[in-house]
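Heads up: the structure comes next, in structure tokens.
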Amino acid sequence: MKIIYLFILFVIVALAQIFVPIQMVMDSEDAIISGEAYKFRTRPIDPTDPFRGKYITLQYEMNHFNTENSTYVVGEEIYIYLKNDSEGFAEVSQISKTPLQTEADYVTARVTYYYKGKVNFQLPFNTFYMEETKAYDAELAYNKVNRDSIPKNVYALVYINGDDVVLKDVFINDIPIQEYVEK
Amino acid sequence: MSSKFNKELEELARDQVISSEIADKISLYYDQKQAAKPNRLFTIFGVFGALLVGSGIILMLAHNWDDFSRITKTILAFIPLFIGQCAAGFSILKNKARTWKEASGTFLFFAVGASISLVSQIYNISGDLGSFLRTWTILCLPLIYLLRSHAVALLVILSSTYYATEVGLWNYKSNETPWLYVGFVLAIIPNYWVLVKNSLLSNTTTIFSWIVPVSITVGLAAFVKGNEELGFVMYMTLFGIFYNIGRLLVFRELRTLRNGHLIIGSLGTIILLMIFTFRWPWEEMYDTTIYRSQEFYTSLALGVVAISILGYTVIKKGIRSINSFQVSFLIFWGLFFLLSGMSTVPMILTNILVFVLGITAIKIGADTFNFGILNYGLLIVSILIICRFFDTDMSFVIRGLLFVIVGVGFFITNYRMLKRQQKKLIH
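Protein chains in written order, with the working numbering: chain A, 1 to 183; chain B, 1001 to 1427.
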């Protein structure tokens, strides 16, 4: 093949290679700018969970929903529709296997198990990346605050816009976790 | 030229086996031949250099600098990608040497993965590993052909295998089948075929002759969902395909150790059949054959491929060239689908089949004076006999006697072959 054709094909491939991450950036930026912000309450995580690199692992209080429908299968992707509770934290309004005709915001999650009318699921935005020197302190702080008896002082701020979900920040006592760790 | 070879030449000239002019000519011939070859070592170091620099840059960015704004971090995430693309584009446009193409391709491969994962890190996109590997592989696959890069081909095989196992095996939370893996393998095959056609005896071809069947063997496990019994049929057929590919005319000049298809096909067939020489797999197999399942259709598709290759060999080389390893997958299909209701009959037939395969290997080894294959055949027969000790009530005297006979058999066969080989050398 002539070199010029080869080069043109390469340019097309190169554009695709650039397009994928740019698309991710655009979707995320769009979610932050025009998406709805939700606060997800976190809950204590297993303290023996090994420290995994430069991010902290989050677990949410929102991890189950009671339903009569017993056809949910482990590993299935489901739609979780959201609403805000009286204190301004996100809670589940309904779940569904297929997208519903509604204006409400949703996130997708995977079913982890189903038992006696209770569907357990895992929200996808469970890793929060940090500067590597701060990540360990952040994990410690996150565990400490989550295990003390003061309720609702740790939450994740998540922007939702259609299919795009961006975990913007994690707050401890209304202070971003980066600043909290520096204190 | 290596100093050892030069010393040998000097010695031959000194002892007047060859004249010193001829020794000089030989030395000159090899020196010129060497100079004409592209510097392979340089290519290898180029690839390693690209690997190290690429991963170094990624690690620095992964520090996730808090002092930078989101925009700065995002721009930084694209820098390795741009560098890689410029280098690769330059080596295509200027039609640079192999070293350039291999090194820039390797760097670009990692840069693509890095830019996606760095953006995920900046925006805390957790996304699952399977879809990340899929996107990565798709974006880098064309580079194999655009750069004619074997290093990228190798990396794509690795990432696609990782994708298949991640989606199909390790991710317990998902019950998907990685169908795209089939596409990845099909996309890699033309590159492998060109290698086999142009440089069959090179080390690169040997690496691919091993890594392609290994990847498919690992990847096939991701296609078994629920009907594990049919998984045996799938694997048996796959090993049949490998063995038949290994016996194709194009691979005839290859040494056995360089023929990964042949070895993996043969070993896989024997190991699987050895399991079925016991009674318990047949008993548990009873009426579990499900014809309307993904596994059955996969087996069927593999069967069509295997039979096509076998048919091609029969047409090209004649039915007499076919040995029992090449048809054992067909016999297994017969036993599995027609006789699985029973347990004793298929068990006995499998024992006979393994015994015949052992004898076939011994015969191939004896005919080609290959001690490796000869002893492989003897090993098959011995393991078969040892396995039968587990489920029969023989007295220790008989068992002991059988062991002695097998051991003596090893000695005699090897000794006779050695004698024959010596006789042949004398004549």
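Just so you know, even glycine gets a beta-carbon here, dropped at the ideal spot from N, CA and C.
{"Item": "Report the neighbours of methionine 24/A on chain B: residues whose CB is nearer than 8 Å to its CB, in chain order.", "Value": "Ile1116, Val1119, Ser1120, Tyr1123 and Ile1125"}
{"Item": "Could you please give the first and the last residue of the uninterrupted beta strand (DSSP E) stretch that includes tyrosine 155/A?", "Value": "154 to 161"}
{"Item": "Out of curiosity, what's the CA-to-CA distance linking leucine 1154/B and isoleucine 1380/B?", "Value": "33 Å"}
{"Item": "Grab me the residues of threonine 1360/B's own chain with a C-beta within less than 6 Å of its C-beta, minus the 5 sequence neighbours each way, in chain order.", "Value": "Asn1323 and Ser1324"}
{"Item": "Assign arginine 41/A to one of two classes, buried (16 or more other C-beta atoms within 10 Å of its C-beta) or exposed (fewer than that).", "Value": "buried"}
{"Item": "Are the region 1247 to 1259 of chain B and the region 1219 to 1231 of chain B touching by the rule of at least three beta carbon pairs closer than 8 Å?", "Value": "no"}
{"Item": "What residue ranges within the region 1137 to 1191 of chain B form continuous alpha helix (DSSP H) runs of no fewer than 4 residues, ordered along the chain?", "Value": "1150 to 1165"}
{"Item": "Beta carbon of alanine 1306/B, beta carbon of isoleucine 1264/B: below 8 Å?", "Value": "no"}
{"Item": "Counting only beta-carbon separations shorter than 8 Å, does valine 154/A have a partner in chain B?", "Value": "no"}
{"Item": "Which residues, taken in chain order from the region 1085 to 1101 of chain B, show a beta carbon closer than 8 Å to some beta carbon of chain A?", "Value": "Gln1085, Ala1088, Gly1089, Ile1092, Leu1093 and Asn1095"}
{"Item": "Could you pull out every residue in the same chain whose Cβ sits closer than 6 Å to the Cβ of tryptophan 1282/B, ignoring the five residues on either side in sequence?", "Value": "Ser1343, Pro1346 and Met1347"}
{"Item": "Taking Cβ-Cβ distances shorter than 8 Å, what residues in chain A pair up with threonine 1074/B?", "Value": "Val25"}
{"Item": "Would you list, in chain order, the members of the region 90 to 122 of chain A that have their beta-carbon closer than 9 Å to a beta-carbon of chain B?", "Value": "Arg110, Val111, Thr112 and Gln122"}
{"Item": "Taking C-alpha atoms, which residue in Pro1190/B, Ser1160/B, Trp1193/B and Lys1197/B lies nearest to valine 1182/B?", "Value": "Ser1160/B"}
{"Item": "Just verifying my parser: in three-state terms, what is the DSSP assignment at leucine 1248/B?", "Value": "coil"}
{"Item": "Between which two residues does the alpha helix (DSSP H) carrying serine 1324/B extend?", "Value": "1324 to 1339"}
{"Item": "Is any beta-carbon of chain A found at less than 8 Å from that of alanine 1103/B?", "Value": "no"}
{"Item": "Since leucine 167/A sits in a beta bridge, which residues does DSSP pair it with?", "Value": "Val158/A"}
{"Item": "Run down chain B in chain order and give the residues with a C-beta less than 7 Å from the C-beta of asparagine 126/A.", "Value": "Ser1126"}
{"Item": "So, at 7 Å on beta carbons, what are the nonlocal neighbours of tyrosine 106/A in its own chain, with the 5 sequence-adjacent residues on each side left out?", "Value": "Tyr79, Ile80, Tyr81 and Leu82"}
{"Item": "Taking only the alpha-carbon atoms, compute the straight-line gap between leucine 1353/B and phenylalanine 1276/B and give it to the nearest angstrom.", "Value": "10 Å"}
{"Item": "Does chain B have any CB closer than 8 Å to the CB of valine 181/A?", "Value": "no"}
{"Item": "Along the chain, where does the beta strand (DSSP E) that runs through valine 119/A open and close?", "Value": "118 to 122"}
{"Item": "Go through the region 2 to 72 of chain A residue by residue and report every complete run of the beta strand (DSSP E) that reaches 3 residues or more, in order.", "Value": "36 to 41, 55 to 57 and 64 to 66"}
{"Item": "Is there at least one Cβ from chain B nearer than 8 Å to glutamine 59/A's Cβ?", "Value": "no"}
{"Item": "Pull up the distance between the alpha-carbon of asparagine 63/A and that of leucine 167/A, whole angstroms please.", "Value": "17 Å"}
{"Item": "Should histidine 1261/B go down as buried or exposed, given a rule of 16 or more other Cβ atoms within 10 Å for buried?", "Value": "buried"}
{"Item": "Taking only beta-carbon positions, decide if threonine 1205/B is within less than 8 Å of chain A.", "Value": "no"}
{"Item": "Applying a beta-carbon distance threshold of less than 9 Å, which residues of chain B neighbour leucine 167/A?", "Value": "Tyr1123, Asn1124, Ile1125 and Ser1126"}
{"Item": "Alanine 1077/B and serine 1115/B: beta carbons closer than 8 Å?", "Value": "yes"}
{"Item": "Alanine 16/A: which of Arg1292/B, Gln1085/B and Ser1091/B sits nearest, CA to CA?", "Value": "Gln1085/B"}
{"Item": "At what residues does the beta strand (DSSP E) containing glutamate 1284/B begin and finish?", "Value": "Taken as a continuous stretch (DSSP letters only), glutamate 1284/B belongs to no beta strand (DSSP E), being part of the alpha helix (DSSP H) at 1280 to 1284."}
{"Item": "Tell me which residues share the same chain as aspartate 137/A and place their Cβ nearer than 8 Å to its Cβ, disregarding the 5 neighbours each side in the sequence.", "Value": "Val181"}
{"Item": "I'd like the list of long-range same chain contacts for threonine 48/A, defined as Cβ closer than 8 Å, with 5 residues on each side in sequence excluded.", "Value": "Summary for threonine 48/A: the model assigns pLDDT 39, below 50, so the residue's position carries little reliability; its value from the coordinates is reported in the next sentence. Nothing listed; no residue qualifies."}
{"Item": "Alpha carbon to alpha carbon, what distance is there between glutamate 76/A and glutamate 1295/B?", "Value": "21 Å"}
{"Item": "Nearest to cysteine 1140/B by CA position, among Val1167/B, Leu1009/B, Phe1107/B and Ala1164/B, is which residue?", "Value": "Phe1107/B"}
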